[in-house]
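*Asks:* In the working numbering, the protein residues as written are 30 to 605. Heads up, the beta-carbon is just placed ideally off N, CA and C, and yes, glycines get one too. Just so we're clear, the structure is a prediction, and the values are computed from it rather than from any experiment.
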Amino acid sequence: MVKEKLRAILGAAIGRLGLPEAREFQLEPPRQAEHGDFAANAALVLQKIAKANPRKLAQEIIDRIEDPEGIIERIEIAGPGFLNIRLARQVWQSELETIWRERERFGRSDAGKGTRTMVEFVSANPTGPLHVGHGRGAVIGDVVANLLEWAGYSVYREFYINDAGGQVWRLAHSVLARATELRPEVKRVPLDAEDYQGEYVREVAEAWLAAGGDPARPFEEIRESLRKFATDWILQNLIKEDLRLFGIRFDHFFSEKRLHDEHALEAAVRLLDEKGLTAVEVLPPPKGQEPDEEYVEKPLKVVKTSRFGDDRDRPLYKSNGEPTYFAADVAYHFDKLSRGYRRLIDVWGADHAGYVARMKAAVKAMGGELEIIIFQLVNLLKDGQPFRMSKRAANFVTLRELLEVAGPDATRVFFLLRRGDMALDFDVGLAQRRDNDNPVFYVQYGHARCAAILRKAKEEKGIEPRWDKEAVAALQLPEEIDLIKRLLQFPELVAHAAQALEPHRIVFYLQETIAAFHGYYTKYKRTERVISDDARKTAARLSLIWALQRTLANALALLGVSAPERMEAPEAEEVA
RNA sequence: GGGCCCAUAGCUCAGUUGGAUAGAGCGUCGGACUACGAAUCCGAAGGCCGCAGGUUCGAAUCCUGCUGGGCCCGCCA
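1. Less than 8 Å between the C-beta atoms of Pro437 and Ile169, yes or no?
2. Are Asp450 and Ser572 touching if we call contact CB-CB under 8 Å?
3. Return the residue from the list Ser348, Val31, Ser203, Ala236 that minimises the CA-CA distance to Tyr225.
4. Leaving aside the five residues before and after Arg343 along the sequence, list all residues of the same chain whose C-beta is less than 7 Å from its C-beta, in chain order.
5. Going by beta-carbon coordinates alone, are Leu301 and Ala394 separated by less than 8 Å?
6. Considering only the alpha carbon of each residue, which of Phe258, Ile91, Ile543 lies closest to Tyr474?
7. Taking DSSP's pairing of strands, which residues face Glu310 in a bridge?
8. Using the Cβ count rule (16 or more neighbours within 10 Å means buried), how would you classify Gly99?
9. Give me the Cβ distance between Arg534 and Ala526, rounded to the nearest whole Å; I'm assuming they're in contact under 8 Å.
10. Could you give the DSSP three-state label for Phe111: helix, strand or coil?
11. Give me, in chain order, the residues of the same chain whose beta-carbon lies closer than 6 Å to that of His362; leave out the 5 immediate sequence neighbours on both sides.
12. What number of angstroms, rounded off, separates the C-alpha of Gly276 from the C-alpha of Val442?
13. If I follow the unbroken beta strand (DSSP E) through Gly378, where does it start and stop?
14. Any idea if Thr551 is buried or exposed, counting beta-carbon neighbours within 10 angstroms, 16 or more meaning buried?
15. Quick check: what's the CA-CA separation for Asp280 versus Arg495?
16. In angstroms with no decimal places, state the Cα-to-Cα distance between Asp92 and Leu46.
17. Check whether the region 115-125 touches the region 150-162, counting contact only when three or more Cβ pairs, one atom from each stretch, lie closer than 8 Å.
18. Identify, in the order they occur along the chain, each residue of the same chain with its Cβ nearer than 6 Å to the Cβ of Asn175, setting aside the five sequence neighbours on each side.
19. Tell me the DSSP secondary structure of Thr146 in three-state form.
20. Could you give the residue range of the alpha helix (DSSP H) that holds Ile535?
21. Looking only at its own chain, which residues have a Cβ that is under 8 Å from the Cβ of Glu400, when we skip the five neighbours before and after it?
22. Rounded to whole angstroms, what's the CA-CA distance from Gln61 to Leu409? Just pull it up for me.
23. Let me make sure I understand the geometry here. Which of Asp454, Arg246, Leu516 has the alpha-carbon closest to that of Thr127?
24. Assuming Asp456 is part of the alpha helix (DSSP H), what are its boundary residues?
25. Could you tell me if Asp672 is buried or exposed, where buried requires 16 or more neighbouring beta carbons within 10 angstroms of its beta carbon?
26. What is the DSSP secondary structure of Asn424, counted as helix, strand or coil?
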């Protein structure tokens with residue numbers, strides 16, 4: 030890649046000055062195109078060590094540059110001491126070959142060196158359908174995992190099933206209550222106020238009855254089999270099905286229940302014991318709140334998370350002797366470490382933000398490190414009116430409903446249209462619109478337009494795009510060179526987005542790149558068309574369009590969004 | 001009371017990990033097709049980057065303190 034070549038050239042010049050060439054300096058495309066292809070701040074960074082005026086220093090660097098291949102066309106000092114560098118046009122023209130060579134792999138790198146990485150995301154309770162907030166977490170997790178793969182990490186995707194604890198008993202009870210409603214001949218079990226009120230519980234009850242469930246038996250006797258049936262059914266028919274519709278795949282669904290069955294908890298606690306990181310303490314009552322009825326002043330076994338950045342130690346067992354939910358989560362993360370994952374990433378909604386410090390602290394206590402992506406919640410709007418999502422409420426908007434009205438492509442793009450730590454207003458009305466206010470249309474159209482051009486070249490002239498080292502020198506327009514530069518930035522963008530765990534950057538890149546393409550296309554459509562009587566220019570431009578389409582397709586694949594060859598015709602105008 | 005996140009154009013948001021004259025979409029106003037898809041593009045107007053300090057060659061970006069908004073606080077899951 031040219032940038033590395035340029036960095037080496039500058040580094041060598043700095044070395045010849047007797048300065049540490051390893052010292053990091055930035056080499057980035059400047060905001061203003063007039064400033065050249067790259068701006069280096071080397072002289073600014075080195076001014077202290079060199080004890081020299083940065084502009085003078087910049088000149089000394091320039092004087093010592095050796096560029097036998099002649100890739101640098103011009104280099105000058107600007108502003109406080111930047112080196113503005115413009116590369117020879119031929120460099121860019123020939124670099125286009127990278128895309129032709131790497132094709133569907135263009136954008137990948139080995140920055141991650143195959144580091145075994147686990148991304149845990151969604152992890153919704155198996156007590157109901159996925160809602161819109163889960164959808165955002167699903168897309169962020171999925172695309173972060175894709176990014177890491179593209180950046181050379183070895184990635185495993187896992188979903189943690191909370192199929193143990195009080196909520197699943199609550200679910201079992203809800204199903205039984207609905208089942209007795211369906212069988213008037215048996216004694217009615219009333220639905221409690223805390224029970225799950227959703228319509229889907231009736232479906233579970235029907236399925237349970239169809240499978241031979243007996244609602245006449247006492248709850249205590251059947252609750253275990255009912256729990257298993259209900260969570261399995263919901264996982265299979267609601268959660269996994271929704272994820273499939275959304276194009277989201279997991280390598281593994283990890284059961285909390287199994288964690289308990291296999292005594293993983295005890296193993297994790299033993300490790301912490303051995304490290305001397307447990308204690309028995311009387312915890313203070315919750316801060317800032319009235320000490321409620323449940324608080325009992327009694328010593329509990331805790332893990333000393335406060336040693337690792339948490340503001341207090343956290344109990345592993347409740348006063349009734351049962352393990353806490355947190356203990357199970359600690360055990361789960363211990364299991365991840367035991368399985369050999371070096372990099373752990375969790376994707377959580379903002380409602381779990383208060384949990385971050387203790388979980389990171391616990392993982393650190395066990396000798397690992399955990400990164401947590403917190404995404405802010407989704408405000409679902411319809412006609413400007415917000416409605417709240419709540420899993421317990423009878424009426425809420427599920428991910429599936431959203432997918433049905435907006436489709437998976439638009440929904441994915443919408444969720445990635447903002448940085449994860451910004452709250453997202455998702456207007457269902459807007460997502461339903463089939464026009465270019467919907468950003469996914471703009472982005473997909475860019476790809477389709479490339480396809481249309483290549484199609485026309487083939488159908489009308491019988492020309493297929495190919496790499497032609499000689500012809501590509503015909504790419505002389507500034508917009509063409511600019512487009513090549515943008516495309517060649519893609520691999521670095523992917524690596525940076527992966528490092529920052531920020532998938533939204535890919536969406537913005539797509540929008541900007543396509544805007545540049547449309548601008549180029551429109552500006553020259555009457556004077557310098559892609560397909561013309563000039564065979565050499567035509568070949569060169571088709572080669573560029575092909576590379577553009579390839580890059581757009583790769584970026585869309587990274588987002589899990591389809592790259593259509595043609596868009597559906599716009600709906601016909603209604604006759605007045 | 002305490003913690004996390006946010007505050008940038010009228011609105012919704014980017015801002016290349018501290019760089020030069022802060023950008024895009026929508027909206028407003030004015031323009032461009034006898035078509036390789038106008039489902040697009042070009043131009044104009046629009047800014048005390050919430051406020052006040054600090055760090056340094058240089059701050060929308062980092063540190064502190066305020067102001068306003070969102071999420072949260074547990075031996076629940």
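*Replies:* Reading it off the structure:
1. no
2. no
3. Ser203
4. Val331, Val332, Thr334, Phe355, Arg387
5. yes
6. Ile543
7. Leu329
8. exposed
9. 4 Å
10. strand
11. Val392
12. 13 Å
13. 372-378
14. exposed
15. 38 Å
16. 10 Å
17. no
18. Leu587
19. strand
20. 533-553
21. Arg372, Leu373, Ile374, Asp375, Leu530
22. 39 Å
23. Leu516
24. Element bounds for Asp456: not the alpha helix (DSSP H) but the beta strand (DSSP E), 453-456.
25. Because the chain in this structure spans residues 30 to 605, residue 672 falls outside the shown range and cannot be described.
26. For Asn424, the predicted structure reports a pLDDT of 46, less than 50, and the residue's modelled location is therefore unreliable. The matter cannot be settled from this model.
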